[in-house]
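Here the working numbering is used: the first residue of the sequence shown is 1155, the next is one more, and so on. All C-beta atoms, glycine included, are put in the ideal place defined by N, C-alpha and C. Note that the structure is predicted; figures quoted are calculated from it, not measured.
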Amino acid sequence: MMERCLTALFASLVIFWGGASYAGAGLPEIAGYSAGPTKAVPLEAPSGNFGEWLSRTYVNAFGGRIEATLMSGPGAGPLVSAPVGTRTDDRPIGFGATYEVFELDGMRSVFESSPDLGSSLAVAVDSDVVLTLESRSLGREELERAAMAMLRSE
């Protein structure tokens, strides 16, 4: 009987925590930035819970700001992009944004730069976990550095 209880408890914990998913790490502190509070929004519907949407703002000593978003769970879905190696822009109809699909530490990633809006980096951390960093003032290198600091902090 005790063995059954322990097995049930262990199975419940595995289901609850979902294994070693990055989503459990949330949006951590990163060196060189002060971070605001993490806002969490459950992705819920009448049919059940479909994950979580986390957001947090980071600011460095020079006023460089990053808006971070972590979407996780089946409701968030996967990062859908062109194949790795794709480099393109939004012409002739767009506003001059450029896009590149590449791998950041083995994870499919998309970097976008828009002259009017700034830069964004989306990283497919897992099949249903996507980390997105956006900034009007910081470039690709700084966004990649911040993403890797977050991913390595788990």
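- Taking a C-beta distance under 8 Å as the contact criterion, Leu1285 and Val1277 qualify as a contact pair.
- When rounded, the separation of the alpha-carbon atoms in Phe1204 and Val1213 is 30 Å.
- Judged by pairs of C-beta atoms under 8 Å, the stretch 1180-1189 touches the stretch 1210-1225, as three or more such pairs exist.
- Contact between Met1302 and Asp1259 holds: CB atoms are separated by about 6 Å, below the 8 Å threshold.
- Annotated as proximal: Glu1257 and Val1238, with beta-carbon spacing under 8 Å.
- If one requires a minimum length of 3 residues, the beta strand (DSSP E) runs lying completely within the stretch 1191-1252 are 1193-1199, 1202-1214, 1219-1226, 1241-1243, in chain order.
- Residues of the same chain with a CB within less than 8 Å of the CB of Gly1217, apart from the 5 flanking positions on each side, are Ser1291 in chain order.
- With fewer than 16 other Cβ atoms inside 10 Å of its own Cβ, Phe1249 counts as exposed.
- Val1264 and Gly1229 have their C-alpha atoms roughly 20 Å apart.
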